[in-house]
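Chains as they are written, first to last, in this note's numbering: chain L, 1 to 132; chain R, 1001 to 1386.
Cβ coordinates follow ideal geometry from the N, Cα and C atoms, glycine included.
Treat the numbers as computed from the prediction; the structure is a model and nothing was measured.
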């Protein structure tokens, strides 16, 4: 069994998102035709179907829309942190992201949060959120 | 093309945890029993519809080769519980269209031996670039279907003021159905205290909100209506149906509008276009029992809301006071479902529905059962009729 934590699979559609995290910028795909941002990153706008995506830096702020605290030790690599939280954040731009809440408090739905960046290693930076 | 199909034979292996048998051996026991039940022979089966393939289950070509079948129609979906309805629908469509005479829906699972695929480092489901289809994001520690059910139920509880003790009515009611079922793995009564005192898996889901990790097989044989009338059993008709809902407003483990992943956060009553199953000759108030994929207890609430048995946020109240238990107004999963009988990916419930409509369900028999609904939290459904 692996004791490494899993890593995201990064492909052509999501690479700008993860490159942004490495620069400590939360980037979103935004449609230049209808103005809407979407997640998870796709090549075209799921709202107006236009092939006109531009990557824009997001505010990094949002609200917790749901959460869980994981007790079951599915991953040996997470055992030291168990139990740990997982949150979904509704960004002020609209789309939702899954992440972790740092700072040691139990998440609450509606709680305001802001992004922080965690440099895992030279190749990967993960976004996390802290109370705003 | 009009669908004209019936379930003509059912068979089950023993159900258990840690069974030593291979999936193919489990399937053999169920297959032989289904053939005998129908009065058919192996050579009569010319179609396979497979819900769960390798590694938890069996792929169609392994079944065909291992059992020496000569197959002319196959359907197989990706390894996921959501396709139970899909597999039964494909069987019904295939026999109606003449693509096969008898389709065997074969489900054989060894969850205990292969449980590493269900979550953690071996969970390939969660490793999609955009995350897993139950919301898995392994690099943040969210893995396994339970994670998706947990984040959905957490928000549902917040929005609608529902408690874990109310949710407990689901596994407690389904356990009561299992008490009289000799095939069921869980045959001890489940109390509220035991539910509330059990370990947390992923908040708010406790141990008994999560289905069994078990082994077993079920085979369901489907034939065209005229053929079915000539066979040994009273045919159980595969009646009204509707397909899986998918789109940006859908999350596999949530009703519409709950606000999970990219769903809208506008809750509302089930739309007419999502209730088409009730417009084909059986009205909702004619349904005498409801059967659903109870992998996690919240899915029962979400399925009841999907099909309009309860309004948004009202299913938790709906399931109280024995309404879905034995003798209730709408019994749910009368053999014990995935929560208490066994996790045969819902096919144990399809077999139970068949027994009910034949009038051979024994202790769990619904009086004069004529119309029973299978419907899932992701919006697909089949109504079986006597």
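6 Å CB neighbourhood of residue 1412 of chain R in its chain, flanking five on each side removed: There is simply no residue 1412 of chain R to check, as chain R begins at 1001 and stops at 1386 in what is shown.
Would you give the residue range spanned by the beta strand (DSSP E) that residue 72 of chain L belongs to? Position 72 of the first chain, counted from the start, is the residue given in the question as residue 72 of chain L. Per DSSP, residue 72 of chain L belongs to no beta strand (DSSP E) and is neither H nor E.
Taking 8 Å as the CB-CB limit, is residue 53 of chain L close to chain R? Taking the first chain and counting its residues from 1, one reaches residue 53 of chain L at position 53. Not closer than 8 Å to any Cβ of chain R, the Cβ of residue 53 of chain L fails to qualify, so no.
By the criterion of Cβ-Cβ separation under 7 Å, what are the contact partners of residue 1127 of chain R in chain L? Residue mapping note: residue 1127 of chain R aligns to position 127 of the second chain, counting from 1. Correct list: 9.
Extract the residue ranges of the beta strand (DSSP E) inside the segment 88 to 130 of chain L, only unbroken runs of 3 or more that lie entirely within it. 96 to 99 and 112 to 119
Residue 1175 of chain R lies in the alpha helix (DSSP H); which residues open and close that run? Translated into positions along the second chain, residue 1175 of chain R becomes position 175. Unbroken alpha helix (DSSP H) run through residue 1175 of chain R: 1169 to 1178.
With distance defined between alpha-carbon atoms, name the residue in L:82, L:57, L:61 and L:118 nearest to residue 73 of chain L. Sequence index remark: in the first chain, residue 73 of chain L carries index 73 (1-based). It is L:82 whose Cα lies nearest to the Cα of residue 73 of chain L.
Indicate whether at least one CB of chain R lies closer than 8 Å to the CB of residue 1 of chain L. The residue labelled residue 1 of chain L in the question sits at position 1 within the first chain. Per-residue confidence for residue 1 of chain L stands at a pLDDT of 48, beneath the threshold of 50, marking its modelled position as unreliable; the derived number appears in the next sentence. It does: the Cβ of residue 1 of chain L has a partner Cβ on chain R nearer than 8 Å.
Of the residues R:1014, R:1137 and R:1018, the one placed nearest residue 1032 of chain R, counting alpha carbons only: Indexing the second chain from 1 puts residue 1032 of chain R at position 32. Nearest C-alpha to residue 1032 of chain R: R:1014.
Just how far apart, CA to CA, sit residue 1082 of chain R and residue 1378 of chain R? Stepping through the second chain from its first residue, residue 1082 of chain R is reached at position 82. Stepping through the second chain from its first residue, residue 1378 of chain R is reached at position 378. So the two alpha carbons sit approximately 8 Å from each other.
For residue 1210 of chain R, which residues of its own chain have a beta-carbon under 7 Å away from its beta-carbon, when the five flanking residues on both sides are left out? The sequence position of residue 1210 of chain R within the second chain is 210, counting from 1. Correct list, in chain order: 1146, 1201 and 1296.
Selected residue, minimal CA-CA separation from residue 1143 of chain R, among L:123, L:69 and L:62: Start at 1 with the first residue of the second chain, and residue 1143 of chain R comes out as number 143. Minimum Cα distance to residue 1143 of chain R is reached at L:69.
Per DSSP, what kind of secondary structure is residue 1197 of chain R in: helix, strand or coil? Along the second chain, read from residue 1 onward, the residue named residue 1197 of chain R stands at position 197. Helix at residue 1197 of chain R.
CA-to-CA distance, residue 78 of chain L to residue 1 of chain L, given in whole angstroms: Numbered from its first residue, the first chain carries residue 1 of chain L at position 1. Numbered from its first residue, the first chain carries residue 78 of chain L at position 78. In this predicted model, residue 1 of chain L has a pLDDT of only 48, less than 50, meaning its place in the structure is not dependable; the value taken from the coordinates is given anyway. Looking at the two C-alpha atoms, the distance is approximately 13 Å.
Beta strand (DSSP E) containing residue 1001 of chain R: first to last residue? One-based indexing of the second chain puts residue 1001 of chain R at position 1. Taken as a continuous stretch (DSSP letters only), residue 1001 of chain R belongs to no beta strand (DSSP E), as it is neither H nor E.
Contact between the segment 1160 to 1176 of chain R and the segment 90 to 102 of chain L is defined here as three or more beta-carbon pairs at a separation below 8 Å; is this criterion met? no
Taking the straight line between their C-alpha atoms, what separation do you get for residue 128 of chain L and residue 1276 of chain R? By one-based count along the first chain, residue 128 of chain L stands at place 128. By one-based count along the second chain, residue 1276 of chain R stands at place 276. Rounded to whole angstroms, residue 128 of chain L to residue 1276 of chain R spans 43 Å at the Cα level.
Taking C-beta pairs closer than 9 Å, name the residues in chain L that residue 1220 of chain R reaches, listed in chain order. Within the second chain, residue 1220 of chain R is the residue found at index 220, counting from 1. Those do not exist, as residue 1220 of chain R stays about 32 Å from chain L at its closest Cβ, beyond 9 Å.
Among R:1086, R:1011, R:1044 and R:1096, the one whose alpha carbon lies nearest that of residue 1226 of chain R: Numbered from its first residue, the second chain carries residue 1226 of chain R at position 226. Looking at the Cα atoms, R:1096 is the closest of the given residues.
Touch check for the segment 1210 to 1221 of chain R and the segment 1031 to 1045 of chain R: three-plus C-beta pairs under 8 Å? yes
According to DSSP, which residues form a beta bridge with residue 1242 of chain R? For the purposes of this step, residue 1242 of chain R is taken as the residue at position 242 of the second chain. Paired residue(s): R:1381.
What's the C-alpha gap between residue 1362 of chain R and residue 1189 of chain R? Reading the second chain from its first residue, position 362 is the one you call residue 1362 of chain R. Reading the second chain from its first residue, position 189 is the one you call residue 1189 of chain R. Taking the straight line from one Cα to the other gives about 19 Å.
Cross-strand partners of residue 31 of chain L (DSSP beta bridge): As a first step, residue 31 of chain L is located in the first chain; it is residue number 31 there, counting from the start. For residue 31 of chain L, which the question treats as bridged, DSSP gives the partners L:53.
What is the residue span of the beta strand (DSSP E) that residue 1140 of chain R lies within? On the second chain, residue 1140 of chain R is found 140 positions in, with the first residue counted as 1. Here residue 1140 of chain R belongs to no beta strand (DSSP E), and DSSP marks it neither H nor E.
Below 7 Å CB to CB, which residues in the same chain sit around residue 1165 of chain R once its five sequence neighbours on both sides are set aside? For the purposes of this step, residue 1165 of chain R is identified with residue 165 of the second chain, where counting begins at 1. So the list reads 1192 and 1196, once near-sequence residues are dropped.
Taking beta-carbon pairs under 9 Å, can you tell me which members of the segment 1221 to 1250 of chain R lie near chain L? 1248
Nearest-angstrom beta carbon gap, residue 1261 of chain R and residue 1135 of chain R [assumed within contact, 8 Å]: Residue numbering aside, residue 1135 of chain R sits at position 135 when the second chain is read from its first letter. Residue numbering aside, residue 1261 of chain R sits at position 261 when the second chain is read from its first letter. Contact holds; Cβ gap of about 6 Å.
Cβ-based neighbour list, residue 1204 of chain R, same chain, cut-off 8 Å, excluding 5 preceding and 5 following: Taking the first residue of the second chain as 1, we reach residue 1204 of chain R at position 204. Cβ neighbours of residue 1204 of chain R beyond the five flanking positions: 1150, 1153, 1154, 1157, 1164 and 1167.
Out of curiosity, what's the CA-to-CA distance linking residue 1058 of chain R and residue 1052 of chain R? Translated into the one-based positions of the second chain, residue 1058 of chain R becomes position 58. Translated into the one-based positions of the second chain, residue 1052 of chain R becomes position 52. Distance between the alpha carbons of residue 1058 of chain R and residue 1052 of chain R is about 7 Å.
Three-way DSSP call (helix, strand, coil) for residue 85 of chain L in this model: As a working mapping, residue 85 of chain L is identified with position 85 in the first chain. Correct three-state label for residue 85 of chain L: strand.
Which of helix, strand or coil does DSSP assign to residue 1060 of chain R? By one-based count along the second chain, residue 1060 of chain R stands at place 60. Helix at residue 1060 of chain R.
Report yes or no: is there a C-beta of chain R within less than 8 Å of the C-beta of residue 39 of chain L? What you label residue 39 of chain L is simply residue 39 of the first chain in a count that begins at 1. Closer than 8 Å to some Cβ of chain R, the Cβ of residue 39 of chain L qualifies, so yes.
Which first and last residues belong to the beta strand (DSSP E) in which residue 1374 of chain R is found? Position 374 of the second chain, counted from the first residue, corresponds to residue 1374 of chain R. 1371 to 1375 is the extent of the beta strand (DSSP E) around residue 1374 of chain R.
Note down, in chain order, each residue of its chain lying with its Cβ closer than 6 Å to the Cβ of residue 43 of chain L, except the 5 sequence neighbours on either side. Looking up residue 43 of chain L in the first chain gives position 43. The answer, listed in chain order, is 13.
With 16 as the cutoff for other CB atoms within 10 Å, does residue 1280 of chain R come out buried or exposed? If you number the second chain from 1, residue 1280 of chain R lands on position 280. So residue 1280 of chain R ends up on the exposed side.
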